[in-house]
Every structure is written in C-alpha cells, then in structure tokens.
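In short: position in the sequence shown from 1, add 865, done, that's my numbering.
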Amino acid sequence: MTAPSVLDSHLAALAAALRPFRRVADRLDRWGGELAWTLGTGGRLLVAGNGGSAAEAQHLAAELVGKLRDDRTPLSAIALCAETSSLTAIGNDYGYDEVFARQVRAHGRADDVLLLLSTSGRSANLLAAARAGREQGLRCWALTGPAPNPLAELCTEVLAVPSPEPQVVQELHLLSAHVLCEYVDRDLPAVRGLSGTVPTVEHMTGRNGGIRGLGAPTEASEVST
C-alpha cells in the first residue's frame, strides 16, 4: 500500500477536524449577532494573536474595516498585533507579556468585544490581555486549540478546535473568522433598523466569575468528534 503523501495526510487531518464543525454553527451565529450589535451601535472589536494567529487577527480586522463581500459602512476593528511601534515600545518598557493587555486598557470600553486567537491557549501575553479585558468590562471570546487550556478558562466564551495539529487549528480559526463576518454582515441591517432601541441581553455568571451568554454550554465549547 502506498504511503499517504504530505498533502493527503494534511487533508485527512483537516477533514477529521471539519466533520464535527457544524456543531459550532449556533455559537458562531450568536457571536455574529452580538458582534453586529456591538459594531453597529458604535462599539469596537479588539483582536490579537501571536505568529500565524497574529496574521489571522489582522485578516479578521481587515474584513470588518474593509469588507468581506458586499460593500458596507466600515466597522471598528483593531488588530492589537499590528501596531509595531506600540508593540515594541510596550515590550521594551513593560515586558512582552504586556504588549496586548496595555492596548486593551487603552482602547477597550465596557461591552466591546475582545477576541483572542491561540493554538495552544497558553500564551502569557494573551492571558494578560484576557485579564485586562475582564477588568475593563469587555466580552472576552477566544479561538483556541484543544481545551481545557488557560485561555479557555479566562475567557467568557471559547470555540476550541480539538485537533493536535496547530496548522489545522489555524485553518479552522480562519474559517471561523470568515463565517463570523458573514453573520455580522447578515445581521447589520437589522441592527441599524433598530435605531434608538436598547438590546435586552440575558447573562449568567460563569464558573470563573466571568459572564457568558445563556445557551452556552460551557465557557470552553470544544468541537469534538
């Protein structure tokens, strides 16, 4: 029997992670609705990651400030990993663990959304950012690799991809970002049609004292096979 090629092996790992991915449809749908409300009513998305996840964070911000498909008003999204002068200044003066947290304190406002991307869920600078976001009253979401992990425990809600392959996790994070943007674009017209109204959002306290939306089974929802 012929050994599988590198491509075959990669596609098999991706397919194994994709099969259960439909289970997160409701989560992404709800996140999209909440993010559409936040952005459509003057709020902001802060997003961050390291390495390849930093590139995906910038990609997501670009889709919102620019557009995914159809033309629309630009939306406020800041990739905290993109500002090299701030990153190097903060890292030099306060240490690398603070490069995102200090920006969260500068730019984040109560009820904004902070989205953190990490394949391991263990990056110290993202953990510090999550703590800063909670202190500032932001809704803290994360896209991670397999749970449990420290970032999953700190964030309000988490979509955890259960693949052991970091590159597969990143590929599903990119898919999640694109689907999230599609849901935002779908819900924005309705948000803007509710001019002058205040949304009713039900919340409950999570295990770690954070706030998570009703209907979320746990703070760290893993897509499992």
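Positions of the beta carbon are idealized from the N, C-alpha and C atoms, including for glycine.
- Its chain contains Leu893, Leu1008, Leu1024 as the residues whose beta carbon lies nearer than 7 Å to that of Ser1041, once the 5 sequence neighbours on both sides are disregarded; these appear in chain order.
- Between the segment 897 to 912 and the segment 1050 to 1058, the count of Cβ pairs shorter than 8 Å is three or higher; the stretches touch.
- Unbroken beta strand (DSSP E) runs of no fewer than 3 residues, entirely contained in the segment 948 to 992, are found at 978 to 983, following chain order.
- In the three-state reduction of the DSSP assignment, Ala942 falls in the strand class, which pools E and B.
- Boundaries of the beta strand (DSSP E) harbouring Gly914: 910 to 914, taken from the DSSP string.
- By DSSP's assignment, Arg1004 forms a beta bridge with Val978.
- Around Pro1015, the same chain offers Gly986, Arg987, Leu992 as residues with beta carbons nearer than 7 Å, after the five sequence neighbours per side are excluded.
- For Ala1025, the enclosing beta strand (DSSP E) starts and ends at 1022 to 1025.
- Under the Cβ criterion (8 Å, minimum of three pairs), the segment 1038 to 1052 counts as touching the segment 923 to 933.
- At a Cβ-Cβ threshold of 8 Å, Ala975 and Gly998 do not count as neighbours.
- Approximately 15 Å separates the beta-carbon atoms of Leu980 and Arg996; this is outside 8 Å, ruling out the contact.
- For Pro1027 against Pro1011, the beta-carbon gap comes to about 5 Å, under 8 Å, which counts as contact.
- In terms of Cβ geometry, Gly973 and Cys946 do not form a close pair [threshold 8 Å].
- Gln1032 is classed as exposed because its beta carbon has fewer than 16 other beta carbons within 10 Å across all chains shown.
- Just measuring C-alpha positions, the residue of Leu1045, Ser951, Cys1046, Leu1037 sitting nearest Leu876 is Leu1037.
- Checking the DSSP bridge columns, you'll see Thr1009 partnered with Ser983, Ala1025.
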